[in-house]
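Visitor: My questions will all concern the structure given below.
If you want it as structure tokens, here you go:
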């Protein structure tokens, strides 16, 4: 893993990162856990903090679409 890569196993956080325009690189499986990897660790960390502390505002439709996309990836394999 590159030091510039940000990884999370939290589906809702990953969807928020996608909606905010961060580049989704890949999904990695580690047993039953799926990790979502993104480019730009610093920006992802900032968006993640806003997400977890409730100050991130996103378009609800785009967020729903991103959640659906990620769920399809998780359950398709």
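Residue numbers (the working numbering): 6 to 82.
Ideal placement from N, C-alpha and C gives every residue a C-beta, glycine not left out.
Model, not experiment: these values are computed from the prediction.
Taking the beta strand (DSSP E) that residue 32 belongs to, which residues open and close that run?
Guide: Its beta strand (DSSP E) spans residues 29–35.
Visitor: For a test of the three-state rule: what should DSSP assign to residue 55, helix, strand or coil?
Guide: Here residue 55 sits in helix by DSSP.
Visitor: Between residue 66 and the rest of its own chain, which residues show a CB-CB distance below 8 Å, the 5 nearest in sequence each way excluded?
Guide: No residues qualify anywhere along the chain.
Visitor: Which one or two residues does DSSP pair with residue 11 in a beta bridge?
Guide: Answer is 43.
Visitor: Per DSSP, residue 38 forms a beta bridge with which residues?
Guide: 35, per the DSSP bridge assignment.
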